[in-house]
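A.B. asks: Here it is, the structure in full.
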Amino acid sequence: AQSVTQLGSHVSVSEGALVLLRCNYSSSVPPYLFWYVQYPNQGLQLLLKYTSAATLVKGINGFEAEFKKSETSFHLTKPSAHMSDAAEYFCAVSATGHSNYQLIWGAGTKLIIKP
Amino acid sequence: DAGVTQSPTHLIKTRGQHVTLRCSPISGHKSVSWYQQVLGQGPQFIFQYYEKEERGRGNFPDRFSARQFPNYSSELNVNALLLGDSALYLCASTIAPQGHQETQYFGPGTRLLVL
Numbered sequence: 001a002q003s004v005t006q007l008g009s010h011v012s013v014s015e016g017a018l019v020l021l022r023c024n025y026s027s028s029v030p031p032y033l034f035w036y037v038q039y040p041n042q043g044l045q046l047l048l049k050y051t052s053a054a055t056l057v058k059g060i061n062g063f064e065a066e067f068k069k070s071e072t073s074f075h076l077t078k079p080s081a082h083m084s085d086a087a088e089y090f091c092a093v094s095a096t097g098h099s100n101y102q103l104i105w106g107a108g109t110k111l112i113i114k115p
Numbered sequence: 116d117a118g119v120t121q122s123p124t125h126l127i128k129t130r131g132q133h134v135t136l137r138c139s140p141i142s143g144h145k146s147v148s149w150y151q152q153v154l155g156q157g158p159q160f161i162f163q164y165y166e167k168e169e170r171g172r173g174n175f176p177d178r179f180s181a182r183q184f185p186n187y188s189s190e191l192n193v194n195a196l197l198l199g200d201s202a203l204y205l206c207a208s209t210i211a212p213q214g215h216q217e218t219q220y221f222g223p224g225t226r227l228l229v230l
C-alpha cells in the first residue's frame, strides 16, 4: 500500500529565504507524485507532478521538486520565499493498483512567511 | 472556461439530518472524484465516478453515497449526519481516469458543519 509522509506540520521562513517542504513516500511500484497548494478557504491547486519523465520537476510560482528514488523523497523547494506563498502544501501519490486512480495524501505542511 | 464548481459553499446541519452536495466538472471532463478533508488533515478519497458508474470507493460507511448524471455533474449524499462528518468536501474532475499521471482539478469545496 502506498503512503505519504510530510515532515513538519508547520514551516516558517523569512521572506526571500529558501523554502524546503519535505515529502517522503512509500510505494512498491514506480509512483506518480503530486504537490498541491491550498490557500485559505480555497480548494487545491496543482503546483507540479512527477510522472517519470524527469527527476527534477518545475512547477508554477517558481516551485520545483526533485524525485529521489534512493531516498523515496519528493521534496518541494523555492529559492526565494514571497509573502504570497503563505498557504498549506500537500504532497500526494497516485494509488497504483487501484482502477480508480485515487490520490493518497500527506497531512499537509503550513508554510508561514515572516516579513 | 469555468473550473470545477461546487454548491453550496457552506452548510450547517444538525446530527441525524441528511445533506446533498453538488459538483459540476470542467467542461469536457467525464470523471468526478469526491474527497473529505477534516480540519488539519489531508483529503481522504470517498468516491470516483466515470460515465455515471462508480469506479471506486474509499473507506467510508454506507451513509455516504453519490451519483453522476448524464451531463457528468455529480451529487454526494450523506445520511444520518454525525459530528465527525464536519469537514471540507472537495470535488475533483479529470477528462477520464486514463492513468495515474492524470491531473485532478479541484473545486473550492463545500464546508459542512454538523452541530
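So the sequences go chain by chain: A and B. First residue of the first sequence? That's 1 in the numbering used here, and the numbers climb one at a time after it. First residue of the second sequence? That's 116 in the numbering used here, and the numbers climb one at a time after it. Positions of the beta carbon are idealized from the N, C-alpha and C atoms, including for glycine. Here the structure is a predicted model, which is why all the values come from computation and not from measurement.
#1: Just the C-alpha distance for Arg-178 of chain B and Glu-217 of chain B, rounded to the nearest angstrom, thanks.
#2: Which residues in chain B have a C-beta closer than 9 Å to the C-beta of Trp-105 of chain A? List them in chain order.
#3: What are the boundary residues of the beta strand (DSSP E) that Thr-209 of chain B is part of?
#4: Along the stretch 189 to 208 of chain B, where does the CB come closer than 7 Å to a CB of chain A? Name the residues.
#5: May I have the straight-line CA-CA distance separating Ser-180 of chain B from Asn-192 of chain B, to the nearest angstrom?
#6: What residues match up with His-10 of chain A in a beta bridge as DSSP calls it?
#7: Using a Cβ cut-off of 8 Å (strictly closer), state whether Gln-219 of chain B contacts chain A.
#8: State the DSSP-derived secondary structure class of Ile-141 of chain B, mapped to helix, strand or coil.
#9: CB Leu-20 of chain A to CB Thr-77 of chain A, shorter than 8 Å?
#10: Among B:Phe-162, B:Thr-129 and B:Ser-122, which one has its Cα closest to the Cα of Phe-175 of chain B?
#11: Just the chain A side, please: which residues come within less than 7 Å of Gly-224 of chain B by C-beta, in chain order?
#12: Does any residue of chain B bring its CB to less than 8 Å from the CB of Lys-114 of chain A?
#13: When burial is assigned at 16 or more other CB atoms within 10 Å of the CB, is Gly-43 of chain A buried or exposed?
#14: Does the Cβ of Gly-155 of chain B have 16 or more other Cβ atoms within 10 Å, making it buried, or fewer, making it exposed?
#15: List the residues of chain A whose Cβ lies closer than 8 Å to the Cβ of Gly-78 of chain B, in chain order.
#16: Just reading off the beta strand (DSSP E) that Val-119 of chain B is part of, what are its end residues?
#17: Give me the subset of the stretch 53 to 67 of chain A whose CB atoms are less than 7 Å from a CB atom of chain B, sorted by chain position.
#18: Distance check for Gln-151 of chain B and Gln-128 of chain B, CA to CA, integer angstroms please.
#19: What in chain B is Cβ-close to Leu-46 of chain A, meaning under 9 Å?
C.D. replies: Considering the structure as presented:
#1: 29 Å
#2: Tyr-150, Gln-152, Gln-156, Gly-157, Pro-158, Gln-159 and Phe-160
#3: 202 to 209
#4: Leu-205
#5: 5 Å
#6: A:Lys-110
#7: yes
#8: coil
#9: yes
#10: B:Phe-162
#11: Gly-43
#12: no
#13: buried
#14: exposed
#15: Nothing about residue 78 of chain B can be reported from this structure: the residues present for chain B run from 116 to 230 only.
#16: Where Val-119 of chain B is concerned, there is no enclosing beta strand (DSSP E), given that its DSSP letter is neither H nor E.
#17: none
#18: For the sequence presented, residue 128 of chain B should be read as Lys rather than Gln. C-alpha separation (whole angstroms): 16 Å.
#19: Thr-218, Gln-219, Tyr-220 and Phe-221
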